[in-house]
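These notes concern the structure reproduced below.
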Amino acid sequence: MTGESAFAARLEAVSHGYGRTVALDTVSLELPPGCMVGFIGPDGVGKSTLLGLIAGARKIQTGRVEALGGDMAGGRHRRAVQPRIAYMPQGLGKNLYMDLTVFENLEFFGRLFGQGRQERQRRIADLLRSTGLDPFHDRRAGKLSGGMKQKLGLCCALIHDPDLLILDEPTTGVDPLSRRQFWELIERIRGQRPGMSVLIATAYMDEAERFDFLVAMNGGAVLATGSPAEIKSQAGAATLEDAFIGLLPVEQRRGHRRLEIPPRRIHDGEPAIVAEGLTRRFGKFTAVDHVSFRIERGEIFGFLGSNGCGKTTTMKMLTGLLPASEGEAWLFGERTNSHDLETRKRVGYMSQSFSLYAELTVRQNLDLHARLFHLPRGDIPGRIGDLIAGFGLGDYADALTDRLPLGVRQRLSLAVAVIHEPEMLILDEPTSGVDPVARDGFWRLLIDLSRNQGVTIFISTHFMNEAARCDRISLMHAGRVLASDTPAALTRKRGTDTLEEAFIAYLEEATREAQSESTGDLPVVAPSKTSVEAGATRTRPAQGFGSRRLLAYSLRETKELLRDPIRLAVAFFGSAILMVVFGYGITFDVEDLAYAVLDRDRTPESRTYLEGLAGSRYFLERPPIQNHSEMDRRLRSGDITLAIEIPPGFGKDLVRGRSPEIAAWIDGAMPFRAETIRGYVEGLHLGYLTELSRRATGAEPELSPAEIESRYRYNQDFKSIFAMVPTNIALMLVFIPSILMALGIVREKELGSITNLYVTPVTRLEFLLGKQLPYIAIGMMNFLLLVALAIFLFGVPVKGSFLALSLGALLYVSATTGLGLLISSFTQTQLAALFGTAIATMVPATLFSGMMQPVSSLEGGAAVIGRLFPTSYFMKISIGTFTKALDLADLATDFLALAAFIPVLTILSVLFLRKQER
Amino acid sequence: MRRLENIYRLGVKELFSLRRDAVLLALVVWAFSFSIYTAATGMSHDLRNGSIAIVDEDRSQLSARIGQAFLPPYFSEPARISFNEIDPAMDSGRFTFAVVIPSGFEADVLAGRKPAIQVNIDATAMMQAGIGDGYISRILNQEIGDFVAPGGRSEPVVELEARYAFNPNLTSSWFTSVMEMINNVTMLSIVLTGAALIREREHGTIEHLLVMPLTPFEIMMAKVWANGFVILVAVSLSLWLVVETLLQVPVAGSRSLFILGTALYLFFATALGIFLATIARSMPQFGLLFMMVALPMNLLSGGETPVESQPQVLQTIMQAVPSTHFVSFAQAILFRGAGIEIVWPQFALVTIIGGLFFAFAAARFRKSIAILRS
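For the protein sequence lines, the chains are A and S, in the order given. Numbering (my numbering) for the first sequence: 1 to 918. Numbering (my numbering) for the second sequence: 1001 to 1374.
This is the structure we're talking about:
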């Protein structure tokens, strides 16, 4: 570890791409150790990719990345340093599990780093106290505010005392007070662990001022490195933001000039928006608490606050998207009403996330909205042309919107919002993630709309410099408006230099008031000394296989499953419901067949013949048929499936021994049923002949020189239920367990928590087995439920060894969940995992595993698939133990075959699962 | 008028969205081509390759003749085994049928002593057991009869002439291909419509629609017509290209009547998709719900096994589900050539029940939008 003193991390000619997009272009960097290193630049310049590579979460494509004195391309070095690196990915609480509580999240991470119970408890208590999260011990992560989520994420990252802390935009979308507390917390931890290096990406230039060393990035390349002062002097600018713009290539900053805001012209008349006591509750949670304000026409009114403080909910109430629980709002003097379509035509709305159709082009999006607002048909091309020109969309007019740079998308969203020339615009955080130049361009459009066209603009933001440009702002926190005035007046009232400090002052006042109710964020308490001592005794998790990490995943998976009602219901009752449906629905017993007779003889002889049919339990008689056309019609309509026609003169011919012919018309639409009906009819006919002969001669007729004794083995009555129930159990135990298993893994990929597999010491095998265990347990519970259904509902007893059946089920469920694991390695989305697994299990299980045709009669590809699929073997075990009264010894080969699937599937899944992101 | 235009515009947008969704498009293509083809050719309801063993304790001319009578494609090459091997071989599922010819069989037959020949059948092989029994009995009777009296036997007193209407040779692919197509209509209309709604919710575009001068009814209607239209086109193409051309299945009745009926049914199926999408919070939840609803519906509607064999309670319940009537009129039109004068009651039921459910789903959709939360 001698290299550690030289650099925290070092990159040499590192390039990285996603498809054709280049994220990093031959970047070389040396990052000093033991200090705060900041990465600045807008979204999409490669900051996250760079941090992911250093953390070992992403696979290196080209170039060399060293962290903590070793090559991160080498698996051995990565495994050795992973316990010393902590990585917090971008996005609020991306590494957290939203269905787990604060404590459970921390516990999970503690287990992943191999900490014993006592040590874990002590560290968790310590971290919670120092971050002020301890009142929220049992709150689910998903219900925390943005700032609290980030603090919890930091706690999870710090639980193992890392030497290298990597934070990707940890404070984006967090209120200024929480942000300040967050940095204070990091400062204090650094005070205790001076050797720790911290790498941070941020979009806030004011935060970057405080870092020791900065890396300014743009377009996948490094623009400049050095201390904040060095960078500013390099660009000859007073602020970092200006310095950054100055460092950009000429073509990107062309046209950029300082934003000037002309004063607002005062409009007469009623206000554009009035809100009084607007309140919105979701269950027990109050998202917006008695918010009141009034906005004049042509005003730019800003809502400033953190994520989750109620800005979006308030805006939704104003647009009529959400009804208010209490209070009222007026737009242009009219009460808002979610059903009033006319007011909507006067308002343009741009929601927080980009919400245009990604599958349409720029022009198509504009055209669709123009038509939905029913602009006069002749005006549409002109209006679209004006907007494309005015909003600088000319180069992108026919491009699909999901390929556009973020800044362009935002301009398009604004163009769509104003296409119908609304009098008011409601914009929900329109500029998050947009680079400073594009942001200024966006504001220029807003100012033009407000000042020259008299449009009222209601905008929410978490950027202080944007808030400062508004005519008036409201500071929001935890659903309440703390203060509302012009930015200058607010700073003056609090006697602070900047708007941010004023906001923090208001926040502090509000949290002090709320403290007694313990709903707000608590001020930070200094961590106790134990955390420092912990540095000495910290655990270095052993290499190799760790049952604690494995169980950490099992426990977590179980808890998450228990908290998802739909998945839980399907996991426990899905199989049972399907079993009942299949048991009653798929039956090969053909009974209660409707038939009718066209008796054109009507003699005692013909009636004798028909008596046999009427007495059969397979047939149900319907009113007789009068003529051929009626017979045809009734067969066509499906009213009858069998028509018997007795020819005229049947009785006479029979007496005279002229062999009359009876016709049976069978509905052939369903071939299986038709064939069975034919068998029944022929059987009845034979019975009739025997009876006839016996009556005539008093002796059995010589119909055949030998007697054929058919013995239906295992199922004497030949009731399909006895075969279907054991077959269905085999089907059910492959279908749902494999789907749930595949979903369980792919869910992590989709939600992003798979990162914890990439950056913590957990191995692929521990991850997979840990996640598999709960599903095996659920599978076994399902198995018991299904057997109970078989015995008590369907009346199908287990004739053979129950122990053998259970052992078979255990092996089988392990194999089928293994199948789910394997399929999950190939799929990226939950939808694909779901349908992929359903098709991949259903087809071989129903067609090639002995349900329809015995495996012994399959040939070619079908036979190969059948033999390579676990259901074939368990089907034999299930049928063998249920109906053939077999035990373990009789079925030994099937058990061995089934057992062989488990290691093979596990090994394949481990091989296909990536330990790093691409 | 404006309403209609909105519905039309939004529907066209749906079609654009679907065109870009590779996964769903692949699912549509697969369901209406490969899946029908494999169902028709892969799964046979006839006896194929029945595995049979013969225990020949007679070793006579007659027993040798019997041994040669089991021919492909109905049976695989019969295996010769000893009597003691029967139990383990059948226990392990190696053979589905085992014929035992006792010693002295030929002599007994010739002497008119009516000896017994035993046929063991694995009754757990549901599809093959019953049919195989019939085949084997017929073959044995034929062989023994010919052996005793090579010229043929006297005519019976009464002859039975059994004929299959609508499918004279009982070609099982006729049935399986069309039923697979029908099942896929139900499956895909639920998936496409439900996924379209959930996709809008996940991308946040639904909120965007709601702040525009549009009603929830218009939004739902647009999804229904656009996705229904895709299914109708797919079904028509599939009926023409896959079922009639590739698989050579003759269609007895009017294709346009069938398409009209399908269009009526789609109101119900797409509304079901919307309904499930309002319950589910995410795409995977929707998928799980879909499986729990669509699988039973397809299995119990008469497309797989005869409705009349189900317990009475289940039959009554299924009468309230439009898919039962859909399957029933589809079979009547396509297999039996029924016209509107025969299928109108099913058409009426599908329309009425479908309409009621559509109204219910629309109400639920409106409500789910009212409580939409970011």
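All C-beta atoms in this analysis are idealised placements derived from N, C-alpha and C, irrespective of residue type, glycine included.
To the nearest angstrom, how far is it from the Cα of residue i to the Cα of residue j?
i	j	result
phenylalanine 113/A	phenylalanine 582/A	46 angstroms
serine 1033/S	methionine 1181/S	9 angstroms
valine 525/A	serine 130/A	Model confidence at valine 525/A stands at a pLDDT of 41, short of 50, so the residue's coordinates are unreliable and nothing is read from them.
aspartate 395/A	glutamate 1244/S	49 angstroms
methionine 670/A	lysine 876/A	29 angstroms
alanine 272/A	arginine 265/A	15 angstroms
methionine 1283/S	leucine 1192/S	12 angstroms
serine 738/A	serine 825/A	13 angstroms
methionine 631/A	aspartate 599/A	12 angstroms
arginine 383/A	isoleucine 1274/S	35 angstroms
methionine 72/A	alanine 80/A	10 angstroms
serine 693/A	alanine 1149/S	21 angstroms
threonine 1278/S	phenylalanine 1358/S	13 angstroms
So that I know if they touch, is there some Cβ in chain A lying closer than 8 angstroms to that of residue i?
i	result
alanine 1338/S	yes
asparagine 1184/S	no
leucine 1264/S	no
aspartate 1091/S	yes
lysine 1114/S	yes
alanine 1123/S	yes
threonine 1278/S	no
valine 1148/S	yes
arginine 1048/S	yes
asparagine 1084/S	no
lysine 1367/S	no
Under DSSP, the alpha helix (DSSP H) around residue i begins and ends at which residues?
i	result
isoleucine 791/A	Segment: none, isoleucine 791/A is in no alpha helix (DSSP H) and carries neither H nor E.
threonine 131/A	117-131
serine 1173/S	1172-1203
Indicate whether residue i and residue j have their beta-carbon atoms separated by less than 8 angstroms.
i	j	result
alanine 201/A	phenylalanine 39/A	yes
tyrosine 812/A	proline 761/A	no
alanine 1107/S	alanine 1079/S	no
lysine 915/A	arginine 747/A	no
glycine 1132/S	threonine 1096/S	yes
valine 416/A	leucine 425/A	no
alanine 243/A	arginine 280/A	no
phenylalanine 182/A	lysine 151/A	yes
glycine 866/A	phenylalanine 882/A	no
Is any heavy atom in the ligand FMN found nearer than 7 angstroms to the beta carbon of residue i?
i	result
phenylalanine 735/A	The ligand FMN is absent from the structure shown, which contains no ligand whatsoever.
State the start and end residues of the unbroken beta strand (DSSP E) segment that holds residue i.
i	result
glutamine 1118/S	1116-1122
phenylalanine 293/A	285-295
arginine 20/A	From DSSP, arginine 20/A is part of no beta strand (DSSP E); its letter is neither H nor E.
I want to see whether chain S comes within less than 8 angstroms of residue i, judged by CB atoms only; does it?
i	result
glycine 679/A	yes
leucine 11/A	no
proline 194/A	no
tyrosine 349/A	yes
isoleucine 778/A	no
tryptophan 443/A	no
glycine 668/A	yes
glutamate 4/A	Residue confidence for glutamate 4/A is low, a pLDDT of 46 falling below 50, so the modelled location carries little weight; the figure read from the coordinates is stated next. Glutamate 4/A does not count as touching chain S.
(request) Scan the segment 364-389 of chain A for residues whose Cβ lies nearer than 8 angstroms to a Cβ of chain S and list them as they occur along the chain. (result) Contact residues of the segment 364-389 of chain A toward chain S are Gln364, Leu368, His369, Arg371, Leu372, Phe373, His374 (C-beta to C-beta distance below 8 angstroms).
(message) So if I threshold CB-CB distances at 9 angstroms, which residues from the segment 1208-1233 of chain S count as touching chain A?
(response) His1208, Leu1209, Leu1210, Val1211, Met1212, Pro1213, Leu1214, Thr1215
(message) Taking beta-carbon pairs under 7 angstroms, can you tell me which members of the segment 1298-1320 of chain S lie near chain A?
(response) Contact annotation: in the segment 1298-1320 of chain S, residues whose CB is within less than 7 angstroms of a CB in chain A are Leu1299, Leu1300, Glu1304, Thr1305, Pro1306, Glu1308, Ser1309, Gln1310, Pro1311, Leu1314.
(request) Anything in the segment 731-747 of chain A with a Cβ closer than 9 angstroms to a Cβ of chain S? List those residues in chain order, please. (result) Phe735, Ile736, Ile739, Leu740, Leu743, Val746, Arg747
(message) Residues of the segment 581-610 of chain A in Cβ contact with chain S at a cutoff of 9 angstroms, in chain order, please.
(response) Val581, Phe582, Tyr584, Gly585, Ile586, Thr587, Phe588, Asp589, Val590, Glu591, Asp592, Leu593, Ala594, Tyr609
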